[in-house]
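One structure is given here, and the rest of the page talks about it.
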Amino acid sequence: MKHVKLLFFLFTVQIFTVNAQTHWVVFTDKEGTTFDPYAYFDAKAIERRVQMGYDLYHYSDFPVSSKYVNDVAQHTDSVSYASRWMNALSVWATPEQIQVVSGFPFVSEIIPIQQNYILCGWEDYESSFDTTLLTRQTLAMQGEQFRQQGIDGKGIRIAIFDGGFPGVDSHPAFEHIRTGNRIIKTYDFVKKSEFVYGYNAHGTMVMSVIGGIYDGKPMGLATGAEFLLARTEKNSEPYSEEVNWAAALEWADQNGADIVNSSLGYTYHRYFPYEMNGQTAFVSRIANTAASKGILVVNAAGNEGDNDWKIIGAPADADGILTVGGINPNTDYKISFSSIGPTTDLRRKPDVSAYGQTIVAGKKGIKSAFGTSFASPLVAGFAACGKQLHPDADAMLLKQYIQQSGLLYPHYDYGHGYGIPQASKIIRLNSPMPDKNFEITEENEQLNIKFTKDTFSSEDYNLIGTYESYLFYAWQDANHVITEWGVIQITEQEFVIERSANSTSATSLSLHFKGYTEVIEFNK
Amino acid sequence: MRTILSISLILLTLSMFGQNVILQETVTNVTEKPKHGPNCRFFNHFYFSFGINPTLQSGETEVFLLSSNRVTLGNRQIFRLNNYIATGFNIELSTSNFKVKQNENNQRLDSMFHEKERYIFKDLSGSWFIRLNFDKRRGKYIGHFMDLGAYGGYNFSRQRFVKDITTENSITKIWYKQPDYLNAFQYGVFVRIGLNRYVIYSGYRLSDLIDTSKGLTQLPAFTFGLEVGFHK
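Here the protein sequences come in this chain order: A and B. Add 57 to a position in the first sequence, counting from 1, and you land on the number used in this note's numbering. Add 29 to a position in the second sequence, counting from 1, and you land on the number used in this note's numbering.
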């Protein structure tokens, strides 16, 4: 029987070990606090606020009440971070302690904290890399047009949140950034130190496709940008990441970030798909706060597209975030694993897309890597160029410009968003659509599509398998919710789309071919 | 809304003549918590486990540690009662092996020391358990848990195996099938601690596997093992 007793002792220890959890303790007010923005913010953060006309003394930037922090600290195991934006304190506490704290008159809400995150995928292929792909990953966004105009993200500050940046302090791909002293600040939110050049190489890869240069070739578009590097994730300590992510956002704001790239997502560990509505996940809520302060957060859509989860995770579901899906560079349409939209409150996500397979700089050398983790920084680099072109645009306007610069715009679907952002379209806003390149005639619930001869002729067959040969389509209902979408490879000049006579909900069909979009309305 | 969308997707057909549809997605918006799946009302999954049957208590037959084991393939049905408590049952097919040390401490049916001696049971068992979950907030994910339960099973195959080498170096192997001193039924209690699909477990058999009235010591009652669930 002594062994049975031992077993129960061990189980009891286990119960108590997992019983203390991290929580946000949200306060009702910021009693007795004062705030000096000129002491707190970096000059660039002040500049952004002034430029955007934001209040320098906004209540959300005031510190959390030290009295409240002390009171809560006395009744919990430990406290780790006080968020100004959320007016909340993250604590380790048992359920009993939480019950006591929730009774304090200055506590308005208790929120359990996320435990597991997923870096949005990376498969490492050391063997060889494709120099063609290295060129194409920026060419797909018309990177050469930015370069011709001298646009490289100069003066734009990009914060990267990731699991580590080994090699950024030594790899030749970042030499131009180091030489220019353009790594402005670093902080490891896991270890609470400034050293970030170790740990998980995911951040190194991500940074390379924002602003790296390899062998004279740009790996991303923002080769002239400034960087803030934050290590926010650590696999073996899964209780801290959500706090770190929130802390890093405020740190990025304080240090003048214009753009944040975050290639992580929270999915099934904490949430159900139905909760991906932009309001449930804490990180989604705080991402929206960042947008309201003029910071554009660019986030990977996620790599759940070919499994049970399928849809985008958090914080990519947040309205204020620019969500980036993945394109297969070998086919020019959605890469199979890229998570799809819409959000469960039927908002359009992802917003745009970029290559989901890229050439990246690893800890050492150059590699090929897969994942929307790398589509997101490609677009973050594009966003930096967009910000340089349109410095007066706030986060939401910049997001809108990037959406409108999508290759497919104004056509939209839940896999590609508005497509790969195009430099020409953000350089010249409201660029005219190409001439009509197909005719549609409706006849007895049947749509006859005929491509104009010079748009698609027999000579075009060598284009089959590329964007140039694809017709993108999306059926929409009366609420502009897409009910079905896809891509058709065009092999003949004429074809027919048949619509069931029983179909009642689809009221329009959007078709996109070679830059031209037409929306056909039904049931008028 | 979701229903309307789903119906419309069924009704809406898109047919292309002479074209190649290379990507087609119909939108199924999930606006409610599903009934089936991890941390849902019902969840069913298969699992595999491997455990050892060590000699821990005085009076038990001394066995070789790793050669005395229990291998299980099972199916588990879980019913979620609330965020912290679930219940469920398992249906398992298992093989238990006990490789008996040949020494004076083990009482034997005969006076011989054998080259090898094993007891092998194959059983079909069912069990019921209560699950305590420790994660305050989790999604489509089982998370940290502890199961407490009881099981009972039928030993449909019961064998004793002995191998001897004679003085003439000839080998004899004898299988005693369904002997009357090996019991047909067993029951016991168990506890499992898990993190999602990975589980450590311990079982304690309350019943005898051997009829000790025949002059044999009882086989070890404890099992300690690892289990892997076949789910995400």
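Cβ atoms here follow ideal geometry from the backbone N, Cα and C, with glycine treated the same way.
Query raised in the report: Can the beta-carbon of Pro491 of chain A be found less than 8 Å from the beta-carbon of Lys391 of chain A?
Result: no
Query raised in the report: Excluding sequence positions up to five away, which residues of its chain have a Cβ less than 8 Å from the Cβ of Glu180 of chain A?
Result: Reliability fails at Glu180 of chain A, whose pLDDT of 47 lies under 50, so the model's placement of it is uncertain and the value that follows must be treated cautiously. Ala426, Phe427 and Gly428, listed in sequence order.
Query raised in the report: chain A beta carbons: is any one of them nearer than 8 Å to that of Val100 of chain B?
Result: no
**Report entry** DSSP-derived helix/strand/coil call for Lys145 of chain B
**Finding:** strand
Query raised in the report: How about Val544 of chain A and Leu153 of chain B: are their beta carbons less than 8 Å apart?
Result: no
Query - Per-residue burial, Ala45 of chain A [other beta carbons within 10 Å of its own, 16 or more giving buried] - result: Chain A is shown only over 58 to 581; residue 45 of chain A falls outside these bounds and no answer can be derived.
Report task. Consult DSSP for Gln533 of chain A and reduce its assignment to one of helix, strand or coil. Result -> strand
Report task. Could you tell me if the beta carbon of Asp363 of chain A falls within a distance shorter than 7 Å of some heavy atom in the ligand FMN? Result -> This structure does not include the ligand FMN; it has no bound ligands of any sort.
Query - Alpha-carbon spacing of Phe495 of chain A relative to Ile168 of chain A, whole angstroms - result: 54 Å
Query raised in the report: Pro407 of chain A bridges to which residues according to DSSP?
Result: Answer by DSSP bridge pairing: none, since Pro407 of chain A is not bridged.
Query raised in the report: Would you report the Cα separation of Lys243 of chain B and Asp139 of chain B, rounded to the nearest angstrom?
Result: Whole-angstrom Cα-Cα distance: 11 Å.
**Report entry** Closer than 9 Å at the beta carbon, the chain C residues around Lys291 of chain A
**Finding:** The chain labelled as chain C is not found among the protein chains of the depicted structure, namely A and B.
Query - Gln135 of chain A: first and last residue of the uninterrupted beta strand (DSSP E) it sits in - result: Reading off the sequence shown, one finds Ser at residue 135 of chain A, where the question assumed Gln. Segment Ser135 to Ser140, the beta strand (DSSP E) holding Ser135 of chain A.
Report task. Would you mind giving the Cβ-Cβ distance between Ile208 of chain A and Gln445 of chain A, rounded to the nearest angstrom? I have them listed as a contact below 8 Å. Result -> 5 Å
Query raised in the report: Counting only beta-carbon atoms, is Trp542 of chain A nearer than 8 Å to chain B?
Result: Yes, Trp542 of chain A lies at the interface with chain B (some Cβ there is under 8 Å from its Cβ).
Report task. Determine, using beta carbons only, whether Lys391 of chain A comes closer than 8 Å to chain B. Result -> yes
Query raised in the report: At a Cβ threshold of 8 Å, is Tyr471 of chain A touching chain B?
Result: For Tyr471 of chain A, the answer is yes, since a Cβ of chain B falls inside 8 Å of its Cβ.
Report task. Taking only beta-carbon positions, decide if Lys169 of chain B is within less than 8 Å of chain A. Result -> yes
Query - Cut-off 8 Å between Cβ atoms - residues of its own chain near Tyr182 of chain A, not counting five sequence neighbours on either side - result: A caution first: Tyr182 of chain A carries a pLDDT of 45, below 50, which makes its placement in the model unreliable, though a value can still be read off. Taken in chain order, the residues that qualify are Lys424, Ser425 and Ala426.
Requested in this report: Taking 8 Å as the cut-off, decide whether the C-beta atoms of Glu541 of chain A and Glu61 of chain B are in contact.
Outcome: no
Query raised in the report: Got a sec: which bits of the stretch 104–121 of chain B sit with their beta carbon under 8 Å from any beta carbon on chain A, in order along the chain?
Result: The stretch 104–121 of chain B vs chain A, Cβ under 8 Å: nothing.
Requested in this report: State whether the stretch 259–277 of chain A contacts the stretch 227–235 of chain A, with contact taken as three or more CB pairs (one from each stretch) at a distance under 8 Å.
Outcome: yes
Query raised in the report: So, does the CB of Pro330 of chain A fall closer than 8 Å to a CB anywhere in chain B?
Result: Answer yes: the Cβ-Cβ gap between Pro330 of chain A and chain B drops below 8 Å somewhere.
Report task. Consider the Cβ of Arg405 of chain A: report whether some Cβ of chain B lies at a distance smaller than 8 Å. Result -> No, no contact with chain B.
Query raised in the report: Which partner residues does Asp219 of chain A have in the DSSP bridge list?
Result: A:Arg288
Query raised in the report: In whole angstroms, what separates the C-alpha of Asn135 of chain B from that of Phe246 of chain A?
Result: Here the alpha carbons of Phe246 of chain A and Asn135 of chain B stand approximately 59 Å from one another.
Query raised in the report: If you follow the beta strand (DSSP E) that Lys101 of chain A is part of, which residue opens it and which one closes it?
Result: Premise fails: Lys101 of chain A lies in the alpha helix (DSSP H), Ala100 to Met109, not in any beta strand (DSSP E).
Query raised in the report: Between the stretch 247–267 of chain A and the stretch 218–229 of chain A, are three or more C-beta pairs nearer than 8 Å?
Result: As far as the Cβ criterion goes, the stretch 247–267 of chain A touches the stretch 218–229 of chain A, which means the pair count is three or higher.
Query raised in the report: Using a beta-carbon distance below 8 Å, is Tyr325 of chain A in contact with chain B?
Result: yes
Report task. Using a Cβ cut-off of 8 Å (strictly closer), state whether Gln154 of chain A contacts chain B. Result -> no
Requested in this report: Determine the chain B residues that contact Gln533 of chain A at a beta-carbon separation under 9 Å, and present them in chain order.
Outcome: Chain B residues near Gln533 of chain A: none, gap ~10 Å exceeds 9 Å.
Query - Partner residues on chain A for Thr90 of chain B, Cβ-Cβ distance less than 8 Å - result: Chain A residues near Thr90 of chain B: none, gap ~16 Å exceeds 8 Å.
Query raised in the report: Comparing the C-beta of Leu238 of chain B with each C-beta of chain A, is any distance below 8 Å?
Result: no
**Report entry** Chain-ordered chain B contacts of Gln78 of chain A [CB-CB under 7 Å]
**Finding:** Result: Lys165.
Report task. Anything in chain B within Cβ reach of Pro399 of chain A, meaning under 8 Å, just list it in chain order. Result -> Val56 and Asn58
Query raised in the report: Under a CB-based cut-off of 8 Å, is Thr548 of chain A close to chain B?
Result: Yes, Thr548 of chain A lies at the interface with chain B (some Cβ there is under 8 Å from its Cβ).
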